[in-house]
Amino acid sequence: MKTIARALLGLVLALAASVAPPVVAQDLSTFLSQPPAPGAWARYRIETKKSWGIKREPFDLAIIDRQILDGQPYVWLEAGPTNFAGYKDGYLRLLLKAHPDRQEALNPFLEALALAYQPPGGAPFKLTGGALGFMHSQAKNVQVHQEVTDLPPEPAQSVKGVVYQCSKMKISTTTQTTFLTRKYEVTEAGTYWVSPDTPFRIVRAEIVRTEVKDGKENKTEVTVQLKDSGDSGAVSHFTAPIRKEKGLLGLLFH
Numbered sequence: 017m018k019t020i021a022r023a024l025l026g027l028v029l030a031l032a033a034s035v036a037p038p039v040v041a042q043d044l045s046t047f048l049s050q051p052p053a054p055g056a057w058a059r060y061r062i063e064t065k066k067s068w069g070i071k072r073e074p075f076d077l078a079i080i081d082r083q084i085l086d087g088q089p090y091v092w093l094e095a096g097p098t099n100f101a102g103y104k105d106g107y108l109r110l111l112l113k114a115h116p117d118r119q120e121a122l123n124p125f126l127e128a129l130a131l132a133y134q135p136p137g138g139a140p141f142k143l144t145g146g147a148l149g150f151m152h153s154q155a156k157n158v159q160v161h162q163e164v165t166d167l168p169p170e171p172a173q174s175v176k177g178v179v180y181q182c183s184k185m186k187i188s189t190t191t192q193t194t195f196l197t198r199k200y201e202v203t204e205a206g207t208y209w210v211s212p213d214t215p216f217r218i219v220r221a222e223i224v225r226t227e228v229k230d231g232k233e234n235k236t237e238v239t240v241q242l243k244d245s246g247d248s249g250a251v252s253h254f255t256a257p258i259r260k261e262k263g264l265l266g267l268l269f270h
């Protein structure tokens, strides 16, 4: 039982981390306040300051399709490379509301009607109904609080040198969850440059990420910068049709 409890804790923390993926050090909800139309895509460069220098990683977002369910519009979002439930550097695919309210956008995992994952070099899989229900139950235990302060507008530049006229703001997002008395908290506080001229709105962000797990605090400085984007032509990173399903045991002991 202790082994299963530890494994469940690891899974819950991994799911909580997926709400604000550590590999990109950027709250996914920030990109999803206004999901763009199908076909839209964006590529970002994530720079994380380490003791030995700066680590640079890519992060891609795309809306690959649209679906109507019970008369309501939904979109299929792909995001990655990112980690999920012990898997590393793959791509998430989520079925989300096309027009979420503010609270739904802050916690996209609570509202996702489907979730799939493409691990690097492996076959893609989707969560079973039971695993998805577990994720929803844990997402309900995740508290997300965000504060936004507007600053004077200021232009920002993409990696390729394209200049965007941007709104500028301070955003602080805190994500908290508890499982078996253990607490996990992530706060991302920083300055964001936002433009309607790129699909996912973020042109640049300078963030301090503070992660607290079991009372131990770790700080990371991160810069997010747009590389390129488009309103059409999104390409899926999933390499094959999704034929596999994984339940909780499959996620715990893969």
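Throughout the sequence shown, residue numbering follows our numbering, covering 17 to 270 in sequence.
Glycine residues also receive a C-beta, built at the ideal position from the N, C-alpha and C atoms.
In this text, all values refer to a predicted model and were calculated from it rather than measured experimentally.
Original post:
What three-state label does DSSP hand G96 in the structure shown?
Top reply: strand
Original post:
Between I187, L242, P136, P169, which lies nearest to L214 when the distance is taken from Cα to Cα?
Top reply: The identity of residue 214 in the sequence shown is Thr, whereas the question assumes Leu. Comparing Cα-Cα distances from T214 to each of I187, L242, P136, P169, the minimum goes to L242.
Original post:
Touch check for the stretch 115-130 and the stretch 234-250: three-plus C-beta pairs under 8 Å?
Top reply: no
**OP:** Write down the C-beta distance between K156 and L167 rounded to the nearest angstrom, noting that I regard them as a contact closer than 8 Å.
**Re:** 33 Å between Cβ atoms; not a contact.
Original post:
For A141, does the three-state DSSP call read helix, strand or coil?
Top reply: Here residue 141 is Phe; the residue named in the question, Ala, does not match the sequence. Strand, per DSSP.
Original post:
Where do the N-terminal and C-terminal ends of the alpha helix (DSSP H) with Q119 fall, by residue?
Top reply: 118-122
Original post:
By Cβ distance, which residues of its chain are closer than 6 Å to G246, with the 5 residues on each side in sequence left out?
Top reply: W57
Original post:
Touch check for the stretch 172-189 and the stretch 140-157: three-plus C-beta pairs under 8 Å?
Top reply: no
**OP:** Please report how far the alpha carbon of A147 lies from the alpha carbon of L122, in whole angstroms.
**Re:** 21 Å
Original post:
Considering only C-alpha positions, which residue in the set Y107, Q162, L131, T144 is nearest to G137?
Top reply: Y107
Subject >> Cβ-based burial, T165 [other Cβ within 10 Å; buried from 16] >> reply: exposed
**OP:** State yes or no: is the C-beta of S248 within less than 9 Å of the C-beta of E94?
**Re:** no
**OP:** State the start and end residues of the unbroken alpha helix (DSSP H) segment that holds G266.
**Re:** 264-268
Original post:
Going along the chain, which residues of its own chain have a beta-carbon closer than 6 Å to the beta-carbon of Q83, five neighbours each way excluded?
Top reply: Y90
**OP:** Could you name the residues of the same chain whose beta carbon sits closer than 7 Å to that of Q14, not counting the 5 residues immediately before and after it, in chain order?
**Re:** The requested residue 14 is not part of the displayed model; the chain covers only 17 to 270.
**OP:** Pick out whichever of L77, S67, A53, K66 has its Cα sitting closest to the Cα of D244.
**Re:** L77
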